[in-house]
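Have a look at the structure below before the remarks.
In the UniProt record's numbering, the protein residues as written are 1 to 415.
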């Protein structure tokens, strides 16, 4: 009985599946070498001669001698050699798993360890013993720190080390993971509050991503302006400072007005929202990403469920008549724990607006129309009625992306 090995996606785990013996037969005066390796793709040398195939393979026409030397090589992490006696047998079998050790650590510790874009479920510090030899992409993720990434070579019977010093998130964003999966986007015709541009409701699949738990604040945006400046590819980032804004300036220095640090940044242009998002290591969300983060996968009408809003859920309908500090309505949190996804300030989206886009949009990771006149906004704001702060409600007004408004802000996402 032989075994076929299948590598599982996390940390080189191996499943063994039984299969029938392969008997390649006999050729007069010649033998065979049946070679299986993990990882596959090793170059094969027999008596110093490189063979045409790489593992897994069967090498034929091998001299039936006492000392047949087989060498297996892959990159700079596998170099294996052994001698076989084929003088009294037709076939020699090689079944090798090449492994090493990988130690991953970080300062501070407690970071999630991802290998080959798969979450291992372990955190730093951790030692992976018996991991397949090869090049491993390592990503470390920790709340309030920037992702750290490096490719490390694990060599056979050796220990490889990955030691990271994690950097803090310059913007101080609290990122929330939205898992990959399907959700219902848009509205059904049974919803009396729905508008035609929300039809048809359709299922959309999104890859996993992170999104800011809160709308970006004046404190965060002022920090960005002082480091980046107020222009982005020739466009103004913040349309108005001073009166009406929580941010003022003295020359090229920006500062937050007293008591306004935790209020959402307003008068931000679409270009200014894009610029901040990129500075923070992310981007603006697509319509689909924003809506899934707001409603989850159960097609609820509002972030908190299917009941109409009250003054405890959101800042809407002029019940306060101005923006409030971010996170002031915990009863209105979304299924993933995001706040202010309904009301307070409308939020810039990366997509261009097209009222008929749902008729033609792809069902996997839709990116919006290729062009348009006005970007989409989502979430409603402090003066919108309850019907316009629903998760599926789409806004464009139209509002010029070159201008900032007193009811508009944003929150970024990152992959």
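Ideal Cβ positions, reconstructed from N, Cα and C, are used throughout, including at glycine.
- Closest in alpha carbon position to residue 97, among 41, 233, 376, is 41.
- Residue range 218-228 is occupied by the alpha helix (DSSP H) that includes residue 228.
- DSSP, read as helix, strand or coil, puts residue 277 in helix.
- Taken atom to atom, the span from the alpha-carbon of residue 160 to that of residue 137 is near 13 Å.
- Taken through DSSP and simplified to helix, strand or coil, residue 66 comes out as coil.
- Leaving aside the five residues that flank residue 31 on each side, the residues in its chain whose CB is nearer than 6 Å to its CB run, in chain order, 62, 64, 86, 90.
- Using a C-beta cut-off of 8 Å, the segment 286-300 makes contact with the segment 179-193, since at least three inter-stretch Cβ pairs fall below that distance.
- Boundaries of the alpha helix (DSSP H) around residue 290: 287-295.
- Judged by their CB atoms, residue 273 and residue 352 are not nearer to each other than the 8 Å cut-off.
- As summarised for the segment 300-363, the continuous beta strand (DSSP E) elements at least 3 residues long and confined to that stretch are 346-352, given in chain order.
- In the displayed model, residue 30 falls within a strand according to three-state DSSP.
- The shortest C-alpha to C-alpha distance from residue 327 to any of 319, 318, 343 is the one to 343.
- Under DSSP, residue 44 forms a beta bridge with 72.
- If you draw a straight line from the Cα of residue 55 to the Cα of residue 83, it comes to about 17 Å.
- Pairing residue 355 with residue 198, the inter-Cα distance amounts to about 8 Å.
- Contact between the segment 204-214 and the segment 395-412 is present, with at least three C-beta pairs closer than 8 Å.
- With a cut-off of 8 Å on Cβ pairs, the segment 263-278 is in contact with the segment 229-238, counting three or more such pairs.
- With a cutoff of 8 Å on beta-carbon distance, residue 261 and residue 219 are scored as near each other.
- Nearest to residue 178 by C-alpha distance, out of 302, 357, 207, is 207.
- For residue 156, the CB contacts under 8 Å within the same chain, skipping 5 residues up- and downstream, are 77, 78, 79, 80, 98, 99, 100, 133 in chain order.
- Closest by C-alpha distance to residue 320, out of 382, 372, 118, is 382.
- Per DSSP, the unbroken beta strand (DSSP E) holding residue 206 starts and ends at 202-206.
- Between the segment 140-151 and the segment 99-116 there are three or more inter-stretch CB-CB distances shorter than 8 Å, so the stretches are counted as touching.
- Taking residue 312 as the centre and dropping the five residues before and after it, the same chain places the C-beta of 331 closer than 6 Å to its C-beta, in chain order.
- In the DSSP annotation of this structure, residue 284 is not part of any beta strand (DSSP E), being labelled neither H nor E.
- Per DSSP, the beta bridge partners of residue 394 are 378.
- If you draw a 10 Å sphere on the C-beta of residue 154, you find 16 or more other C-beta atoms in it, and that means buried.
- No Cβ-Cβ contact shorter than 8 Å links residue 368 with residue 393.
- Residue environment analysis places residue 346 among the buried positions, since at least 16 neighbouring C-beta atoms fall within 10 angstroms of its C-beta.
- Residue state for residue 181 is assigned as strand, using DSSP reduced to three classes.
- Residue 272 sits in a helix when the DSSP states are folded into three classes.
- Assignment of residue 82 by DSSP, reduced to helix, strand and coil, places it in the strand class.
- Residue 318 and residue 145 have their C-alpha atoms roughly 37 Å apart.
- Shown here, residue 198 sits in a helix according to DSSP, grouped into three states.
- Taking 8 Å as the cut-off, the beta carbon of residue 38 is found no closer than this to the beta carbon of residue 106.
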